[in-house]
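For the sequence shown, counting from 1, position 158 maps to 163 in our numbering; every step adds exactly one. Glycine included, every Cβ here is placed at the ideal spot set by N, Cα and C. Fair warning: this is a prediction, and the values are worked out from it, not measured in the lab.
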Amino acid sequence: MGSKETLIEGIDQVIECFNRRTLDLPDGFFDRKAQFIINGATFESLLSTAPNDPLILMLSRGPAGYRFTVKALQHAMPDAKVERGEVASDGDPFKVTSRLRLSGTLRDSGEAVHALVSVALRLSAAGAVEVADAAVLPQDLERIRRARLSSGQSGLMKR
Numbered sequence: 006m007g008s009k010e011t012l013i014e015g016i017d018q019v020i021e022c023f024n025r026r027t028l029d030l031p032d033g034f035f036d037r038k039a040q041f042i043i044n045g046a047t048f049e050s051l052l053s054t055a056p057n058d059p060l061i062l063m064l065s066r067g068p069a070g071y072r073f074t075v076k077a078l079q080h081a082m083p084d085a086k087v088e089r090g091e092v093a094s095d096g097d098p099f100k101v102t103s104r105l106r107l108s109g110t111l112r113d114s115g116e117a118v119h120a121l122v123s124v125a126l127r128l129s130a131a132g133a134v135e136v137a138d139a140a141v142l143p144q145d146l147e148r149i150r151r152a153r154l155s156s157g158q159s160g161l162m163k164r
């Protein structure tokens with residue numbers, strides 16, 4: 006990725022694609038083994054009791070993990086949109102943080118969601134995202150999980 010400006014451009018491209026409901030990603034944005042974490046739990050541990058299973062890792066890591074997660078979220082919230090706050094750094098050249106606002110309507114109830122998501126991105130030496138660590142209020146995550154499950158889906162965000 007390179008500079009902070011290039012990283013911010015990449016973040017904005019990811020958000021733009023999400024809001025357009027495409028699964029495109031900027032080249033090299035996520036490391037091929039990038040790990041995704043929500044509220045302290047890795048996505049692979051949310052998907053399976055065998056988180057080291059190669060199939061689980063293939064589904065939960067890197068660009069494929071991002072796409073798998075986005076599809077589940079967009080299923081729960083068909084009109085989901087994300088807005089980005091300021092991207093900040095604490096001086097660590099391999100870490101940036103931001104707050105995102107996730108808004109949309111839940112599939113099952115038609116209820117509006119306006120969730121704040123704190124995100125920390127850990128970067129590789131090449132500037133690709135190696136870890137994306139998100140924190141959201143548990144009650145917001147549970148509402149999204151219920152909406153996704155109510156339509157016959159299972160797996161991701163089961164906790």
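Beta-carbon spacing of residue i, residue j below 8 Å
| i | j | result |
| --- | --- | --- |
| N44 | V141 | yes |
| V134 | L146 | no |
| L51 | L64 | no |
| E15 | F41 | The amino acid occupying residue 15 in the given sequence is Gly; Glu does not appear at that position. Their beta carbons are not under 8 Å apart, which means G15 does not touch F41 by this criterion. |
| V118 | R89 | no |
| L128 | R104 | no |
| R66 | L28 | no |
| E49 | L62 | yes |
Among the options, the one whose alpha carbon lies nearest that of residue i
| i | options | result |
| --- | --- | --- |
| D138 | V75, E10, T102 | T102 |
| N57 | V19, K38, K100 | K38 |
| A131 | V92, F34, I13, C22 | F34 |
| R150 | V136, S123, V124, D113 | D113 |
| K9 | T54, V136, L154, E91 | E91 |
| P68 | S155, T54, D32, D17 | D32 |
Integer-rounded CB distance, given that residue j should sit under 8 Å from residue i
| i | j | result |
| --- | --- | --- |
| T110 | M82 | 6 Å |
| A77 | L107 | At roughly 13 Å, the Cβ-Cβ gap does not stay under 8 Å, so A77 and L107 are not in contact. |
| I20 | V87 | 5 Å |
| R165 | H80 | Residue 165 lies beyond the stretch modelled for the chain, which goes from 6 to 164, so this question has no answer here. |
Buried or exposed by the 16-neighbour rule on C-beta atoms within 10 Å, applied to residue i
| i | result |
| --- | --- |
| Q165 | Residue 165 lies beyond the residue range present for the chain, which begins at 6 and ends at 164; the question has no answer from this structure. |
| F99 | exposed |
| G96 | exposed |
| A93 | exposed |
| T11 | exposed |
| T74 | buried |
| D36 | buried |
Cutoff 8 Å: residue i Cβ touching any chain D Cβ
| i | result |
| --- | --- |
| G45 | Absent from the structure is chain D; it holds one protein chain and no more. |
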